[in-house]
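**Q** Mind looking over this structure? Questions follow.
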Amino acid sequence: MTVIALASAKSCGVTTSALAMTLSSTRPSLLAECDPAGGTIRAGLFQAQITAGTGLYHLAVAERAGEDALAQAFAHHLVGLDASGHRQVLPGLTDPAQAPALVRSWPALAQVMRVLSDEGGYDVIVDAGRLALESGRLHSTLTPAPLLHGADLVLLVVRATDQSLALARHMSEPLRNELTEHGTGADALGVLLIEDGHRRAHEVSEALRLPVMASLPWEPDTAAYLAGTSRAPRGLKKSPLLSSARTAVSYLQAAAARRALHQQYPPTPSAPSPPWGPAIQPAPGPAVLPAPAAPQIAGVLQRLGQGRVDPRG
Ligand SMILES: Nc1ncnc2c1ncn2[C@@H]1O[C@H](COP(=O)(O)OP(=O)(O)OP(=O)(O)O)[C@@H](O)[C@H]1O
Ligand SMILES: [Mg+2]
């Protein structure tokens, strides 16, 4: 399965897209709301029905008690996103002041997500929030950098406006460097384009020097439902946003699988470029892929999906 991290330069639709992708995925899926600036799903889509006693912050406490405690807590703090039980969310921080407590926990959380994906059969979508830099690197407190390092794909979410592109432009190079040095390679990085604005995909790709790996339509009704500010529109599942999200997820899963294959069997210099363009370089090997999971983590994660409750009934 696939771990996909979404992040933006500034409030472009990361949470909305992550929700749309998780809700529309045809495979068991988990949305981990890991925005250090604080989560919005609890107060938004869940209408404050999840208390502060559930969520990401508590995993920082569990991580200090050890690997097994973290794995158990991870399962315990998931909330059903719909009645199917196959789509779950880890609600985010209730206060940005909690973010420093997570800094030392991100690597262990990245490992849990990897196990959840590889052994638990889940697609994991990470809401990594707004990116922040310090001295040209990802900020250690304001960005969950280890989650980006461990993801199969990292998508910079941008809108098709000049304003959004101007802000995102400053992020593409540091992100590329970061994934080359600490992640699984710069080719993990691409754009998720929100079709609000007049810029076309090829212009966005040129401006950011990144492949546009997927795009989602601008659809205020469904977005407002996902933000918890209005009722579900009629035919929600077939709405343009969720339909496109389903297509996007399938495409991204396939792209991640192709990339994993390229990593396992690096192409010879004469081999054709992968389908998202010639900028892709074969990754330099599994630089920071987590070590194999301890059996207790895998065991606990296999219990996920059992007995999860949708608090909205
Ligand atoms: N595809 C879309 N169609 C219509 N509106 C959208 C879409 N995506 C996001 N929006 C709207 O844009 C606003 C910001 O979206 P969202 O909260 O998802 O962004 P974000 O990147 O998570 O922001 P933040 O960094 O502040 O958490 C919201 O009002 C949301 O409803
Ligand atoms: Mg958000």
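Be aware that the sequence shown starts at 4, since it is given in this note's numbering, and climbs by one per residue.
For each residue, glycine too, the CB sits at the ideal point set by N, CA and C.
Since the structure is predicted, the reported quantities are computational estimates derived from the model, not experimental observations.
Starting from the N-terminal side, write out each stretch of the alpha helix (DSSP H) that is 4 residues or longer and does not extend beyond the stretch 140-176.
**A** Counting only runs of 4 or more, we get 148-153.
**Q** Could you tell me which of VAL127, ALA258, THR146 sits nearest to ALA23, measuring between CA atoms?
**A** Per the Cα distances, VAL127.
**Q** Given ALA102, which residues of its chain have a CB within under 6 Å of its CB, disregarding the five upstream and five downstream residues?
**A** Cβ neighbours of ALA102 beyond the five flanking positions: PRO39, THR144.
**Q** Measuring only from the beta carbon, is ALA235 closer than 7 Å to any heavy atom that is part of ligand 1?
**A** no
**Q** Indicate the three-state DSSP secondary structure (helix, strand or coil) for ALA68 in the structure shown.
**A** coil
**Q** Look at SER108 and GLU66 and say whether their C-beta atoms are less than 8 Å apart.
**A** yes
**Q** May I ask whether a heavy atom of ligand 2 can be found less than 7 Å away from the beta carbon of THR43?
**A** Taken from the Cβ of THR43, at least one heavy atom of ligand 2 lies inside 7 Å.
**Q** Taking the DSSP output, what are the residues bridged to ALA35?
**A** LEU93, VAL129
**Q** If you drop the 5 nearest sequence neighbours on each side, which residues of the same chain put their C-beta closer than 7 Å to that of VAL207?
**A** VAL161, ALA163, LEU168, VAL194, LEU196, VAL215
**Q** What residue does the alpha helix (DSSP H) around PRO269 start on, and which one ends it?
**A** Per DSSP, PRO269 belongs to no alpha helix (DSSP H) and is neither H nor E.
**Q** According to DSSP, is ALA286 helix, strand or coil?
**A** In this prediction, ALA286 scores a pLDDT of 39, lower than 50, which makes its location untrustworthy; no coordinate-derived value is stated.
**Q** Based on the DSSP output, what are the partners of SER11 in its beta bridges?
**A** Note: SER11 sits in a beta bridge opposite ARG133, VAL160.
**Q** Give the DSSP bridge partners of GLY83, in chain order.
**A** GLN91
**Q** Which residues does DSSP list as the beta-bridge partners of VAL215?
**A** BP columns for VAL215 point to VAL194.
**Q** Just checking: is the beta-carbon of THR97 within a distance shorter than 8 Å of some beta-carbon in chain B?
**A** As a matter of chain content, chain B is missing from the structure shown, which is built from one protein chain.
**Q** Return the chain-ordered list of same chain residues with a C-beta closer than 6 Å to the C-beta of LEU170, the five sequence neighbours on each side being excluded.
**A** Here the set comprises ALA12, LYS13.
**Q** Name, in chain order, the residues that DSSP records as bridge partners for VAL6.
**A** VAL127
**Q** Please work out which residues of its chain come closer than 7 Å, Cβ to Cβ, to ARG172, disregarding the five sequence neighbours upstream and downstream, and give them in chain order.
**A** ALA210, LEU211
**Q** How many angstroms separate the CA atom of ALA72 from the CA atom of ARG45?
**A** 24 Å
**Q** Would you mind sorting GLU36 into buried or exposed? The rule is 16 or more other CB atoms within 10 Å of its CB.
**A** By the C-beta density criterion, GLU36 is buried, having at least 16 other C-beta atoms within 10 angstroms.
**Q** Mark ARG237 as exposed unless 16 or more other C-beta atoms lie within 10 angstroms of its C-beta, in which case mark it buried.
**A** exposed
**Q** Could you pull the DSSP bridge partners for PRO220 from this structure?
**A** GLU198
**Q** For the pair the stretch 49-64 and the stretch 238-245, tell me if three or more CB-CB distances fall below 8 Å.
**A** no
**Q** Helix, strand or coil for GLN75? Go by DSSP, reduced to three states.
**A** helix
**Q** Check for me: the alpha helix (DSSP H) holding LEU112 runs from which residue to which?
**A** 109-121
**Q** From VAL64 to ALA204, what does the alpha carbon distance come to, in whole angstroms?
**A** 42 Å
**Q** Which residue wins for smallest C-alpha separation from ALA10, given the options VAL157, ASP199, GLN256?
**A** VAL157
**Q** Take ALA76 and list the residues in its own chain whose beta-carbon comes closer than 7 Å to its own, dropping the five residues that flank it on each side.
**A** HIS61, LEU62, ALA65
**Q** Could you tell me the alpha carbon to alpha carbon distance between ALA148 and ALA86, rounded to whole angstroms?
**A** 32 Å
**Q** Select from TYR125, GLY42, ALA226, GLY47 the residue whose C-alpha is nearest the C-alpha of ARG30.
**A** Of the candidates TYR125, GLY42, ALA226, GLY47, TYR125 places its Cα closest to the Cα of ARG30.
**Q** Taking ALA189 as the reference, which of GLN266, LEU245, ALA111, GLY42 has the closest Cα?
**A** GLN266
**Q** Please list, in chain order, all residues of the same chain as LEU26 whose beta carbon is under 7 Å from its beta carbon, the five residues on each side excluded.
**A** Contacts found: LEU84, ASP85, ARG90, LEU245.
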